Amino acid sequence: MQIALSELPFPLFHGTSTLFLNDIQAGGLGAKNPLLELEIIEFIKLIMPLIDEHLSETDTYLNHRGTFGLMAEQFTSSQGFNFQHGQTYLSPAKPTAIRYAVNKRYGSELLTYALEFLRMLVEKRLPVVVSELFARFPQVFELLNLSRSPVLIRAERVQMFQVLTERGDDPLPQVRQLTAYLKEDRGFIEIVGQQSNFRLMAPVMPQQLTVWLINVIQLKPFKPEYTLHRIGPREHLGADT
């Protein structure tokens, strides 16, 4: 007989950047959707034709245009590939969250790609970019000049009602499977958990969160070398940190 679960029996991890940290420490993880406030999807839809016209021969375009387009469409495939971005995702595997935070410089894959392409368009001094787009989306352009650091967040005592699977399904089967792995070997969850992410549907309160700055010693896409420096609950960081 299986016992019903009301609380996840393991912590979840989230990788982001200091750009979003003050809001997270003040209101909790998932309390605000910064990409929605930035109107980033609308912004991307407007710059996509400019990207296709002016950046099609660049390495960034050739390497990332396909994925970026699927993200803008918020596409999910029947094969399990999820390109829905803008929501908060968490992993039971700490290394997964650390890799995400380190490799996505702005704490969001969608935002990172958008700003990389925007920076390239700005360098071309296109009138439509430096005047019309800037006038409509000044909050996005401001991010180009802000420094940021990668952050790791651990969320504990997460309730079942607060999450779905990454694809939006009932999380219970996934939680039970991960719990079984946890009983066998606590370290094993950091391996199998890399493909078992969760979508956050309700905020996790600040008192349930532990936050670390990630100091990158050597940047490697799949296994970066780093040290962690814990940030206390009162140590709010400005966006220019």
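According to this note's numbering, the stretch in the sequence shown is residues 787 to 1027, in order. All C-beta atoms, glycine included, are put in the ideal place defined by N, C-alpha and C. Computed from a predicted structure; not experimentally measured.
When DSSP states are grouped into helix, strand and coil, GLU1011 belongs to the strand group. Across the set ALA900, GLY979, LEU968 and LYS1009, the C-alpha of GLY979 shows the shortest separation from the C-alpha of LEU876.
A direct Cα-to-Cα measurement between GLN981 and VAL1002 gives close to 24 angstroms. Distances from the alpha-carbon of LEU929 to those of HIS1015, ARG922 and THR898 put THR898 closest.
Taking the CA atoms as reference points, PHE796 sits about 21 angstroms from GLN873. Shown here, LEU798 sits in a strand according to DSSP, grouped into three states. About 7 angstroms separates the beta carbon of ARG934 from that of ARG891, a gap short enough to meet the 8 angstroms contact definition. In the pairwise beta carbon analysis, the region 903-915 is classified as touching the region 839-858: at least three pairs are separated by under 8 angstroms. Rounded to whole angstroms, GLN1004 and TYR1012 show a C-alpha spacing of 7 angstroms.
DSSP places ALA883 in the helix class (H, G or I) of the three-state scheme. Between VAL888 and PRO936, the C-beta gap is smaller than 8 angstroms, which places the two residues in contact.
Under the DSSP assignment, ASN1001 falls in the beta strand (DSSP E) whose first and last residues are 995-1004.
When DSSP states are grouped into helix, strand and coil, PRO820 belongs to the helix group.
In the three-state scheme derived from DSSP, where H, G and I count as helix and E and B as strand, GLN948 is classed as helix. Per the C-alpha coordinates, the member of MET987, LEU999 and PRO1007 positioned closest to GLY816 is MET987. Assignment of PRO878 by DSSP, reduced to helix, strand and coil, places it in the coil class.
The beta carbon of PRO835 lies closer than 6 angstroms to none in the same chain, with the five residues before and after it left out. Pairing GLN994 with GLU909, the inter-Cα distance amounts to about 42 angstroms. Secondary structure note for VAL937: its beta strand (DSSP E) is the uninterrupted segment 936-941. With contacts defined as CB atoms closer than 8 angstroms, LEU938 and ILE884 qualify as a contacting pair. Contact between MET946 and LEU964 does not hold, since their C-beta atoms are separated by about 13 angstroms, which reaches or exceeds 8 angstroms.
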